[in-house]
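Engineer: Just so you know, we're using numbering that gives the first Met the number 0 here: the sequence shown kicks off at 0 and counts up by one. Cβ coordinates follow ideal geometry from the N, Cα and C atoms, glycine included.
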Amino acid sequence: MKILAIMGSPRKNGNTYRLTRKVEEKMKKLGDVDFEYVYLKDLDLRPCLGCGACFVKGEDHCPHKDDRAMLEEKMHRADGVIFASPVYVFNVSGLMKNFFDRFAYVCHRPRFFKSALVLATAGFELGTGQMLKLFSFMAEVWGFSIADRFAVAASEVPEFGTRAAKADKKVEVAAKKFHSAVTAGRVKPGLVNMAVFLAAQASIRKLSSEYYDYDYWREHGWLEKDTWYYYEPRAGLVKKTAAKLLSRFFSLAAR
0 MKILAIMGSP RKNGNTYRLT RKVEEKMKKL GDVDFEYVYL KDLDLRPCLG CGACFVKGED
60 HCPHKDDRAM LEEKMHRADG VIFASPVYVF NVSGLMKNFF DRFAYVCHRP RFFKSALVLA
120 TAGFELGTGQ MLKLFSFMAE VWGFSIADRF AVAASEVPEF GTRAAKADKK VEVAAKKFHS
180 AVTAGRVKPG LVNMAVFLAA QASIRKLSSE YYDYDYWREH GWLEKDTWYY YEPRAGLVKK
240 TAAKLLSRFF SLAAR
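(1) Got a sec: is the Cβ-Cβ distance from S92 to anything in chain C below 9 Å?
(2) Give me the Cβ distance between A83 and F34, rounded to the nearest whole Å; I'm assuming they're in contact under 8 Å.
(3) Give the list of continuous alpha helix (DSSP H) stretches no shorter than 4 residues that lie fully inside the region 76-139.
(4) Okay, do the region 60-69 and the region 162-172 touch, 3+ Cβ pairs below 8 Å being the bar?
(5) Okay, do the region 108-127 and the region 139-147 touch, 3+ Cβ pairs below 8 Å being the bar?
(6) Just to confirm before moving on: does the CB-CB distance between N192 and E139 stay below 9 Å?
(7) Using only alpha-carbon positions, find the residue among E23, L197, R10 that is nearest to T226.
(8) Expressed to the nearest angstrom, what Euclidean distance is found between the alpha-carbon atoms of D66 and P46?
(9) Within 10 angstroms of its Cβ, does L244 collect 16 or more other Cβ (buried), or is it exposed?
(10) Return helix, strand or coil for M193, following the three-state DSSP convention.
(11) Considering only the alpha carbon of each residue, which of R217, V186, L190 lies closest to Q200?
(12) Could you tell me if R113 is buried or exposed, where buried requires 16 or more neighbouring beta carbons within 10 angstroms of its beta carbon?
(13) Please confirm whether V105 and G51 have their CB atoms less than 9 Å apart.
(14) If the criterion is Cβ atoms closer than 9 Å, does the pair P188 and A234 meet it?
(15) Under 7 Å Cβ to Cβ from V32, same chain only, skipping five residues before and after it: list those, please.
(16) Could you give the residue range of the alpha helix (DSSP H) that holds S144?
(17) Near Q129, which residues of its chain fall below 8 Å by C-beta distance, leaving aside the five closest residues on each side in sequence?
(18) Should V151 go down as buried or exposed, given a rule of 16 or more other Cβ atoms within 10 Å for buried?
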């Protein structure tokens, strides 16, 4: 099992790293697990210019020739991905936000249909809930299934804080969930996930072949009739009907 940990902290040996290392230790007790750490601070990942080339023409037309493609390939090769960031001003770090910005095209053309774990460290727990929701939503839009998400305060960081036992329990639960999810492979998408897919499908069907998004969806068969998700969702009629109705609400809300 290959796990890629994408580290959004500007510090290599800070609380975020220590927490992720604890997850690694717990997972290695469950089986043969190979961890690779990628520190965004060490990559050449330049700020998005907002030119829109990745949306219209494809990501290969981005004017930046840096480490983006290399990082995407690492995510493809991994069996599961960990997104780890400190909480800065009630949000992810600037490094992690820039990472999301540079991969904005994946919101239009999802491709990572595997499990992910989202974790964060903060000085205080205040505000971490909303940050984790946004963090997880971004990963889900890219195709990931979130096995678990959690945050710890600095005082709870294993081997550092005064309340380490509390964090250790969170880590143990998350490690087991993540290991189990990666082992199982693809999971059933939720109702909202299916509805978002159907809303996007309806929108992209209206595009012309001049748009890269249209070609991408067509080549993957996602524009075909009776296609309910990026892969077979194993959903019953009731769930499909509910997803269809909810997708119409999303489409109306987006106008």
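Structural biologist: Looking at the atomic coordinates:
(1) This model lacks chain C altogether, as it is built from one protein chain only.
(2) In fact, because the Cβ distance is near 12 Å, the residues do not count as touching under 8 Å.
(3) 93-101, 104-107
(4) no
(5) yes
(6) yes
(7) L197
(8) 12 Å
(9) exposed
(10) helix
(11) R217
(12) The identity of residue 113 in the sequence shown is Lys, whereas the question assumes Arg. Answer is buried; the Cβ neighbour count reaches 16.
(13) no
(14) yes
(15) M0, I2, M26
(16) Run containing S144: none in the alpha helix (DSSP H); it sits in the beta strand (DSSP E), 144-152.
(17) F89
(18) buried
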